[in-house]
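Participant: In this note's numbering, the protein residues as written are 21 to 328. The beta-carbon is built from N, C-alpha and C at its ideal position, and this holds for glycine as well. Predicted model, so just to flag it, every value in this text is computed and none were measured. Sending over a structure as structure tokens; questions will come in a sec.
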């Protein structure tokens, strides 16, 4: 099979896949090895050995590896962290924002929508397979939206039904990815999409790293580690009143997402990713916990997890 490799010595593949919604398209096989189970290039294998990240099988390309390896935001994330010291950063030096390449962006956005008020590893990964297995052209990445909507609507849980309502509009919003400001506004204007969902979509589709999905992990990290207490995530109305784009919002100093973006700029998304790993796996203890979590919950037969 064709094999393509890039030199990304800084990358810890397993640590970076764990908090990324991209992992909903992959199955963990063994340390440093992931198999694509949904979407464009299904069946290919990602392998991290030494400094090289290699892709073997269908759909492998430099653009795909560019996003999955975190290269897409490497420079801007480094600049943002260099401008302000980030406590505990040294614990997670191999952690990057693994994002979806263009042909998988709608799938990853769907995984974000499905994560509303539920557990990622136990439910979202399972729902993704039920809704999208067999409805994605593995050679083009095109999705049969009608079939996906029909499948999602049949599931009894509110999250897949919410996806069924949102999927066509979500696909239309993601058609133009050149302007992250306009895309965030389009997403926020959708019924049922708030700032956390919109920001997670922008971050894990590789559209912008100047966003900070305001989940409970970020709120706790901001208070306990960064000393930013009494900051709450912004509401949808607040974001739309402020222009929908944190770096330019006149209200940004008064909400959690805005303050993180104001402080760390383009590294805000990486800060949120670090906060998630810290809240889920701890500081120094993550090296011991991560292999067990991936083996138990991120394989093709994974079960229930305290994940996203």
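1) Taking just the CA atoms, how far does residue 126 sit from residue 169?
2) Find the nearest neighbour of residue 237 within the set 283, 250, 293 and 258, judged by alpha-carbon distance.
3) In whole angstroms, what is the alpha-carbon distance linking residue 324 and residue 135?
4) Counting only the same chain and skipping the five closest in sequence on each side, list residues whose C-beta sits under 8 Å from that of residue 276.
5) Which residue wins for smallest C-alpha separation from residue 73, given the options 304, 101, 87 and 218?
6) Can you tell me the Cα-Cα spacing of residue 320 and residue 149, whole angstroms?
7) Taking 8 Å as the threshold, find out whether the region 103-112 comes into contact with the region 160-175 through three or more Cβ pairs.
8) Beta-carbon within less than 6 Å of residue 309's beta-carbon, same chain only, minus the 5 sequence neighbours each way: which residues are those?
9) By Cβ distance below 6 Å, which residues in the same chain neighbour residue 156 in space, the five residues on each side in sequence not counted?
10) Taking 7 Å as the cut-off, decide whether the C-beta atoms of residue 204 and residue 264 are in contact.
11) Should the region 214-222 be regarded as contacting the region 191-205, the criterion being three or more beta carbon pairs within less than 8 Å?
12) Mind checking which residues open and close the alpha helix (DSSP H) that includes residue 257?
13) Report the residue from 27, 67, 122 and 39 whose alpha carbon sits nearest the alpha carbon of residue 198.
14) Taking just the CA atoms, how far does residue 44 sit from residue 142?
15) Does residue 25 come out as helix, strand or coil in the three-state DSSP assignment?
16) So residue 269 is in the alpha helix (DSSP H); what residue range does that whole segment cover?
17) Give the list of continuous beta strand (DSSP E) stretches no shorter than 3 residues that lie fully inside the region 158-222.
Facilitator: Looking at the coordinates:
1) For residue 169 and residue 126, the distance between alpha carbons rounds to 13 Å.
2) Distance from the Cα of residue 237 is smallest, within the candidate group 283, 250, 293 and 258, for 293.
3) A caution first: residue 324 carries a pLDDT of 41, below 50, which makes its placement in the model too unreliable to give a value.
4) 232, 234, 238, 239, 242, 248, 251, 252, 253 and 254, listed in sequence order.
5) Ranking 304, 101, 87 and 218 by Cα distance to residue 73 puts 87 first.
6) Here the alpha carbon of residue 320 sits roughly 10 Å from the alpha carbon of residue 149.
7) The region 103-112 makes no contact with the region 160-175; the number of CB pairs closer than 8 Å stays below 3.
8) Beyond the five residues adjoining it in sequence on each side, residue 309 comes within less than 6 Å, by CB distance, of 301 in the same chain, given in chain order.
9) Excluding positions up to five away in sequence, the list reads 59 and 163.
10) Residue 204 places its beta carbon less than 7 Å from that of residue 264.
11) Contact annotation: the region 214-222 touches the region 191-205, with at least three C-beta pairs closer than 8 Å.
12) For residue 257, the enclosing alpha helix (DSSP H) begins and ends at 256-261.
13) That would be 122, whose Cα lies nearest to the Cα of residue 198.
14) Using only the alpha carbons, I get a separation of about 11 Å.
15) Strand, per DSSP.
16) First-last for residue 269: undefined, no H or E at that position.
17) Entirely contained in the region 158-222, not one beta strand (DSSP E) run reaches 3 residues.
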